[in-house]
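Undergrad: Residue numbers (this note's numbering), protein chains in the order written: chain A, 1174 to 1358; chain B, 4 to 157. I have a structure I would like to understand better, so I am pasting it below and will then ask my questions one at a time.
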Amino acid sequence: MKWRRWLRAIHRDIGYILTGLTVIYSVSGIAVNHVDQWNPNYIIEKKTTILKLDNKDKSSTQSLVNAIMYKSGEDEILKNSFRPDSNSIKLFTEKHNITYNITSEELTKEEIKGRPFIKESNYLHLNTPKKIWTYVADAFAFGLIFLAVSGLFMVKGRNGMKWRGTWLTIAGILIPILFLLLYYY
Amino acid sequence: MKKICAVLIFVLLSTLLVSAGQKEYGKKITLKDKTKISVILNNPDKFLNKKVLVEGTILAVCDKRGCWMEISSDKEAQKIKIKVKDGEIVFPMTGIGKKALVEGEVQKISITKDDAIKQAKHEAEERKTKFDPSSITGPVTYYQIKGLGAVITE
């Protein structure tokens, strides 16, 4: 039938257009699905060591900053520092967030890096940019609905909605219903 | 087709260049005059529900959703939390250590002892730090800023 040929052509082209977005949304979907097990946006590396400082180093905030930078071998440029309390200090360099506990002499260097591709995918998937992206995402969702519905009518006969297609579609619909019955109701 | 690709690449590169240096989050900042965080914390009730513009170094960011950040005061050992509605603004963890200019409303939060323990436990889990429930002995009142817009500078 002529309409089926048209449907296939439109389904194919919309499929091509949505390939990139589908990959982005799927990758991000998996990433944020496991937010309790990992940080979907950042790789956080922490390393704790002991840094011995003498009393002269600890005599003022400035001498503390200088000593930590020099004695910990930090070669990045210092951006900011902060004293959260009298017993600790935080130093922020280009690459590291350094926390030093004066009493325990524990020095923690933290490096935060964005997860390549996944962070960007989450940014788009979770609609962080908002603005026009909201409508792009809406169009993508409508595109997926079209692909799902048009996909039902791509194949004729027993492999289509006359037999196989109907049963597999029902099975697919039953999956969320089953989990709603298990967890929601 | 080649022209369309060229235009797209140009737009992408321009966006990257513009966004380098400083980045805006949420609504545009409207206030001109900054208020020192120490001034707010010295008399918070005076600023309650009022819009303020504050500046400080980003000390911590919510690592799960970027829904809050803490910024340093102009005085040592003082900081204030900037809280935003989940998803409305997402603060980046890579912003830690950078300067933030934030516009928002000062809020007073009063919570029961049980809620304070739950909140502190949750925050300790997020920061992967130790928490002793006995450190909270009663209901807690604190002040934070409901963030409306922010500019983070490299």
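Ideal Cβ placement from N, Cα and C applies to all residues, glycine included.
1) Would you say G100(B) faces chain A, with C-beta separation under 8 Å as the test?
2) In whole angstroms, what is the alpha-carbon distance linking L1353(A) and V1205(A)?
3) Where does E1293(A) sit, in a helix, a strand or coil, going by DSSP?
4) Hey, is the stretch 1282-1298 of chain A in contact with the stretch 121-131 of chain B, meaning 3+ C-beta pairs nearer than 8 Å?
5) Under 7 Å Cβ-Cβ, which residues of chain A neighbour T97(B)?
6) Since V55(B) and P95(B) are thought to touch, with beta carbons under 8 Å apart, how far apart are those beta carbons, to the nearest angstrom?
7) Taking 8 Å as the cut-off, decide whether the C-beta atoms of N1300(A) and A1312(A) are in contact.
8) List the residues of chain B whose Cβ lies closer than 7 Å to the Cβ of D1258(A), in chain order.
9) Take S1259(A) as the anchor and find which of E1218(A), Y1273(A), G1246(A) has the nearest alpha-carbon.
10) Leaving out five residues on either side along the sequence, give the residues of the same chain with a beta carbon under 6 Å from the beta carbon of G141(B).
11) Check whether chain B comes within 8 Å of T1281(A), counting only Cβ atoms and requiring the distance to be less than that.
12) Take G1330(A) as the anchor and find which of Y1308(A), T1339(A), V1322(A) has the nearest alpha-carbon.
13) Count the other C-beta atoms from every protein chain shown that fall within 10 angstroms of the C-beta of N1332(A), then say buried if there are 16 or more, exposed otherwise.
14) Check for me: the beta strand (DSSP E) holding T1192(A) runs from which residue to which?
15) Flag V93(B) as yes if its beta-carbon sits less than 8 Å from any beta-carbon of chain A, otherwise no.
16) Does the CB of N1206(A) have a neighbour CB from chain B at under 8 Å?
TA: On the basis of the supplied data:
1) yes
2) 20 Å
3) The DSSP-derived three-state label of E1293(A) is helix.
4) no
5) The contact set of T97(B) on chain A, defined by CB atoms closer than 7 Å, consists of I1285, G1287 in chain order.
6) Incorrect: roughly 22 Å between the Cβ atoms, too far for contact.
7) no
8) A80
9) The option with the nearest alpha carbon to S1259(A) is Y1273(A).
10) Same-chain partners within the cutoff: K116.
11) No, T1281(A) lies away from the interface with chain B (no Cβ there is under 8 Å from its Cβ).
12) T1339(A)
13) exposed
14) From DSSP, T1192(A) is part of no beta strand (DSSP E) but of the alpha helix (DSSP H) over 1175-1206.
15) yes
16) no
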